[in-house]
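Novice: Protein chains in written order, with this note's numbering: chain Z, 1 to 113; chain Y, 114 to 224.
Note that the Cβ used here is the ideal one computed from N, Cα and C, for glycine as well.
I'd like to ask some things about the structure below.
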Amino acid sequence: DTAVSQTPKYLVTQMGNDKSIKCEQNLGHDTMYWYKQDSKKFLKIMFSYNNKELIINETVPNRFSPKSPDKAHLNLHINSLELGDSAVYFCASSQDPNTDTQYFGPGTRLTVL
Amino acid sequence: QKEVEQNSGPLSVPEGAIASLNCTYSDRVSQSFFWYRQYSGKSPELIMSIYSNGDKEDGRFTAQLNKASQYVSLLIRDSQPSDSATYLCAVAIQGAQKLVFGQGTRLTINP
Numbered sequence: 001d002t003a004v005s006q007t008p009k010y011l012v013t014q015m016g017n018d019k020s021i022k023c024e025q026n027l028g029h030d031t032m033y034w035y036k037q038d039s040k041k042f043l044k045i046m047f048s049y050n051n052k053e054l055i056i057n058e059t060v061p062n063r064f065s066p067k068s069p070d071k072a073h074l075n076l077h078i079n080s081l082e083l084g085d086s087a088v089y090f091c092a093s094s095q096d097p098n099t100d101t102q103y104f105g106p107g108t109r110l111t112v113l
Numbered sequence: 114q115k116e117v118e119q120n121s122g123p124l125s126v127p128e129g130a131i132a133s134l135n136c137t138y139s140d141r142v143s144q145s146f147f148w149y150r151q152y153s154g155k156s157p158e159l160i161m162s163i164y165s166n167g168d169k170e171d172g173r174f175t176a177q178l179n180k181a182s183q184y185v186s187l188l189i190r191d192s193q194p195s196d197s198a199t200y201l202c203a204v205a206i207q208g209a210q211k212l213v214f215g216q217g218t219r220l221t222i223n224p
């Protein structure tokens, strides 16, 4: 059973388009996260949700909008895609965001042309 | 000063030797520390977590934490080519409800 799953695995699109990435976890965790990993492999948190409530928004452009329909799902919608949005996006989950291990999904490689 | 700093490497170690990976952090109230391994094209996976000063051993891996010096390290004994990966240090900043990652150290084990 996959603990944290993401779809799609690859996403290639044109500048200006709108796209979504979906994430689901079956670990029963309360907290879910979106990270962006750039070409230099730096992993930076974008958002986190705890029980469907937004708790972290790390100065991400408002073209990025997360949505959590329930605590097992956290989706990321990106409007008006730009070249600089090209990266690998990872979803993760944990129980306690202050102390617990985070488990990562397989990642979505987004390429904006 | 970055919140979590690692030497980005690359660090090259001969097979069978000890690989030593280091990480410093700036927030004195940090409580939880993690080492993740990331193979190329894959997601980060947890290697070790450590919460108290001292050493914690798990097989060939030993994590060392020194809160006074704000320093955490990972030792890999009897290094294998399969240990070649990027190693990410992560620190949970108390009350911030997030992990802060270092930039990662790329480790290569040479047969």
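1) Give the list of continuous alpha helix (DSSP H) stretches no shorter than 4 residues that lie fully inside the region 175-213 of chain Y.
2) Express the C-alpha separation of Ile163 of chain Y and Tyr35 of chain Z in angstroms, rounding to a whole number.
3) Pick helix, strand or coil for Gly105 of chain Z, following the three-state DSSP scheme.
4) Whole-angstrom Cβ separation of Leu227 of chain Y and Phe147 of chain Y, contact assumed at under 8 angstroms?
5) Would you check if there are 3 or more beta carbon pairs closer than 8 angstroms linking the region 138-146 of chain Y to the region 173-189 of chain Y?
6) Would Tyr49 of chain Z and Ala92 of chain Z qualify as a contact pair, given that the criterion is a beta-carbon distance under 8 angstroms?
7) Roughly how many angstroms lie between the CA atoms of Ala130 of chain Y and Leu43 of chain Z, to the nearest whole one?
8) Looking at the secondary structure, which residues open and close the beta strand (DSSP E) in which Phe42 of chain Z lies?
9) Write down the C-beta distance between Lys31 of chain Z and Ser94 of chain Z rounded to the nearest angstrom, noting that I regard them as a contact closer than 8 angstroms.
10) Rounded to whole angstroms, what's the CA-CA distance from Pro127 of chain Y to Ala209 of chain Y? Just pull it up for me.
11) For the beta strand (DSSP E) that contains Gln119 of chain Y, what are its first and last residues?
12) Which residues does DSSP pair with Ile78 of chain Z in a beta bridge?
13) Consider the Cβ of Pro97 of chain Z: report whether some Cβ of chain Y lies at a distance smaller than 8 angstroms.
14) So the beta strand (DSSP E) Leu159 of chain Y belongs to, where does it begin and stop?
15) Grab me the residues of Asn51 of chain Z's own chain with a C-beta within less than 6 angstroms of its C-beta, minus the 5 sequence neighbours each way, in chain order.
16) Between Tyr149 of chain Y and Ala203 of chain Y, is the Cβ-Cβ spacing less than 8 angstroms?
17) Could you pull the start and end residues of the beta strand (DSSP E) that Leu54 of chain Z belongs to?
Specialist: The short version:
1) Annotation: the region 175-213 of chain Y contains no complete segment of the alpha helix (DSSP H) (minimum length 4 residues).
2) Distance between the alpha carbons of Tyr35 of chain Z and Ile163 of chain Y is about 22 angstroms.
3) coil
4) Outside the shown range of chain Y (114 to 224) lies residue 227 of chain Y, about which nothing can therefore be said.
5) yes
6) no
7) 28 angstroms
8) Element bounds for Phe42 of chain Z: n/a, residue is neither H nor E.
9) What sits at residue 31 of chain Z in the sequence shown is Thr, not Lys. That belief holds up - the Cβ atoms of Thr31 of chain Z and Ser94 of chain Z are roughly 5 angstroms apart, short of 8 angstroms.
10) So the alpha carbons of these two residues sit roughly 39 angstroms apart.
11) Val117 to Gln119
12) DSSP links Ile78 of chain Z through a beta bridge to Z:Lys19 and Z:Phe64.
13) Closer than 8 angstroms: yes.
14) Glu158 to Ile163
15) The residues are Asp30 and Lys71.
16) yes
17) Glu53 to Asn57
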